[in-house]
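Just below is one structure, and these are the notes that go with it.
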Amino acid sequence: MHDIVVEELERHFSGDASQAFYDHLDACADCTAAVAAMDEISVCLRELKPDPERVPEPTLGFYNRVTRRIIDDQRKEAWGLFSPGAVFFRRIAFASLLVLAGLGSFLITRDYPDSGRDAVEIIAQHDPTAAHSESSDRDRLLVTLATYRQ
Amino acid sequence: MDYENTPEGSLVRRAQSGDETAFREIVERYQSKVFSIIHGIVRQRNDVEDIAQQVFAKVYFSIRNFDFRSSLITWIYKITVNECFDYLRKKKVRKLVYESDMSEDEVRRVENTEPAVDRSTRTDSALARRDYIVKLMDRVSPEEKQLLVLKEVEGYSVEELAGMLKMNENTIKVKLFRARQKLVKAAQRLDKAPVIVR
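Chains as they are written, first to last, in the numbering used here: chain S, 3 to 152; chain C, 462 to 659.
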């Protein structure tokens, strides 16, 4: 973009750019295109101009509502100092999940030692001549199972 | 006279030292202006007061940072413009109901006199343009937004802006030029500007 455009552009939008500016535009296609694009946007921006007949007036008690809002904001800010916030709770949840997963995998992979009597000991104690009783039958079954396992 | 030593400068000093009556005076002095700026940008009658409250709450919390480099209204203006565009960005301007800007009587009159197709076309077009402006303004800095709105909406000249913002006229021209260039680039990315309906 040429210097004369930068220099006179704002005057162009106010409607009082020099003839030299327009002469330059006639001679320079790039500047003409750029100014045309800026003109288009300028029209859009001017639509933000308030319509005095439609602008609502502040109603009675506006200042009081502003102060109430300030007090609310201050409370929120004060609470925010002590409140750990969502990120903190997300981290706590993630850490809990990790602990649970670790504990679960430990329990699954843990090798349990045999807590009952040793099979060899049971076989040695077994007396096939002894009379049948409910408890001895159970022991015999256990011996059979233990022998099978060994 | 240095702005800091003007009556308004001393009003700001009082507000900065925590004087509630000074803050109240600031609110009452500028509330109408703030309402007007907000309505011009958001066109949502119902939300004007809410945004204005937010603006003055921000003024209250940051008045200690006001450094007298510009006038108080210029500073409040910047806060207001940014609040408005933040609001529009959050609210997704397309979802706004344009008719809420009209009184019930006006809505009824429009409904009775205009064909439905014209009315909806006009409303869509107005919403599309506002959406477009919000998207464009999203690409420029808060300072550039303030400059563009002061120039295009409030109609201040470069000389006036230089005086208000305590900047050199050439600096203002260059800043405005760069801001406009950014808008053009953003517009090119967003395709063509919507057709202006007059």
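Here a beta-carbon is modelled for each residue, glycine too, at the ideal position from N, C-alpha and C. If you're wondering where the values come from, they're calculated on a predicted model, not measured in any experiment.
Notebook entry, point to check: Along chain S, which residues have their Cβ under 9 Å away from the Cβ of C:S523?
Noted result: Taking the first residue of the second sequence as position 1, residue 523 of chain C is located at position 62. Those do not exist, as C:S523 stays about 12 Å from chain S at its closest Cβ, beyond 9 Å.
Margin query: Distance cutoff 7 Å, beta carbons only. Does S:V8 sit that close to anything in chain C?
Written below: Taking the first sequence and counting its residues from 1, the one referred to as residue 8 of chain S is at position 6. With 7 Å as the cut-off, S:V8 counts as an interface residue toward chain C.
Checklist line | Cα-Cα separation between C:R600 and C:V645, rounded to whole angstroms | finding: Here residue 600 of chain C refers to the residue found at position 139 when the second sequence is read from its first residue. Here residue 645 of chain C refers to the residue found at position 184 when the second sequence is read from its first residue. Their backbone Cα atoms lie some 10 Å apart in a straight line.
Next item on the list: Would you verify that the beta carbon of S:R77 is, or is not, closer than 7 Å to some beta carbon of chain C?
Entry: In the first sequence, the residue the question calls residue 77 of chain S occupies position 75. Closer than 7 Å: no.
Margin query: Strictly under 7 Å for the Cβ-Cβ distance: is C:Q492 near chain S by that measure?
Written below: Your numbering for residue 492 of chain C matches position 31 in the second sequence. Yes, its Cβ sits closer than 7 Å to a Cβ of chain S.
Check: Once you ignore the five residues that flank S:R92 on each side, which residues in its own chain have a CB closer than 6 Å to its CB?
Finding: Position 90 of the first sequence, counting from 1, holds the residue named residue 92 of chain S. Annotation for S:R92: no residue places its beta carbon closer than 6 Å to its own, counting only its chain and skipping 5 residues before and after.
Next item on the list: Tell me whether S:A35 is buried or exposed, calling it buried when 16 or more other Cβ atoms sit within 10 Å of its Cβ.
Entry: By 1-based counting over the first sequence, the position of residue 35 of chain S is 33. With fewer than 16 other Cβ atoms within 10 Å, it is exposed.
Note to self: Under DSSP, the alpha helix (DSSP H) around C:E481 begins and ends at which residues?
What the structure shows: For the purposes of this step, residue 481 of chain C is identified with residue 20 of the second sequence, where counting begins at 1. First-last of the alpha helix (DSSP H) with C:E481: E481 to V503.
Notebook entry, point to check: Going by C-alpha distance, which of C:G616, C:E489, C:M628 and C:A647 is nearest C:F517?
Noted result: As a position in the second sequence, residue 517 of chain C is number 56, starting the count at 1. Checking every option, the nearest Cα to that of C:F517 belongs to C:E489.
Notebook entry, point to check: When you compare each of C:V503, C:F496, C:K494 and C:V619 to S:S16 by their alpha carbons, which one comes out closest?
Noted result: Residue 16 of chain S sits at position 14 when you count from the first residue of the first sequence. Minimum Cα distance to S:S16 is reached at C:V619.
Item checked: Distance between beta carbons of C:I534 and C:V494, contact taken as under 8 Å -> Indexing the second sequence from 1 puts residue 494 of chain C at position 33. Indexing the second sequence from 1 puts residue 534 of chain C at position 73. Before going on, a small fix: residue 494 of chain C reads as Lys here, not Val. Right, their Cβ atoms sit about 7 Å apart.
Notebook entry, point to check: Does the beta-carbon of C:S561 have 16 or more other beta-carbons within 10 angstroms, so that it is buried, or is it exposed?
Noted result: Counting from one through the second sequence, the residue named residue 561 of chain C turns up at place 100. At C:S561, the pLDDT of 48 sits below 50, so the modelled position is not reliable and the matter cannot be decided from this model.
Next item on the list: For C:E615, name the three-state secondary structure that DSSP assigns.
Entry: Locating residue 615 of chain C in the second sequence gives position 154, where the first residue counts as 1. Three-state DSSP puts C:E615 in coil, outside helix and strand.
Next item on the list: Grab the span of the alpha helix (DSSP H) containing S:P58 for me, first residue to last.
Entry: In the first sequence, the residue the question calls residue 58 of chain S occupies position 56. For S:P58, no alpha helix (DSSP H) segment is defined, and its DSSP state is neither H nor E.
Item checked: Local conformation of S:C33 per DSSP, three classes -> Locating residue 33 of chain S in the first sequence gives position 31, where the first residue counts as 1. S:C33 carries a helical assignment under DSSP once its states are collapsed to helix, strand and coil.
Notebook entry, point to check: Would you say C:F638 and C:M598 are within 7 Å of each other, going by their C-beta atoms?
Noted result: To locate residue 638 of chain C, count along the second sequence from 1; it is residue 177. To locate residue 598 of chain C, count along the second sequence from 1; it is residue 137. Between C:F638 and C:M598, the C-beta spacing is not below 7 Å.
Check: Could you give the distance in angstroms between the alpha-carbon of S:Y24 and the alpha-carbon of C:A623?
Finding: Start at 1 with the first residue of the first sequence, and residue 24 of chain S comes out as number 22. Start at 1 with the first residue of the second sequence, and residue 623 of chain C comes out as number 162. S:Y24 and C:A623 have their C-alpha atoms spaced approximately 25 Å apart.
Next item on the list: To the nearest angstrom, report how far apart C:P468 and C:A483 are at their CA atoms.
Entry: Along the second sequence, read from residue 1 onward, the residue named residue 468 of chain C stands at position 7. Along the second sequence, read from residue 1 onward, the residue named residue 483 of chain C stands at position 22. Cα-Cα distance, rounded: 11 Å.
Check: With 16 other CB atoms within 10 Å as the buried threshold, where does S:A80 fall?
Finding: Within the first sequence, residue 80 of chain S is the residue found at index 78, counting from 1. S:A80 is exposed by the Cβ-count criterion.
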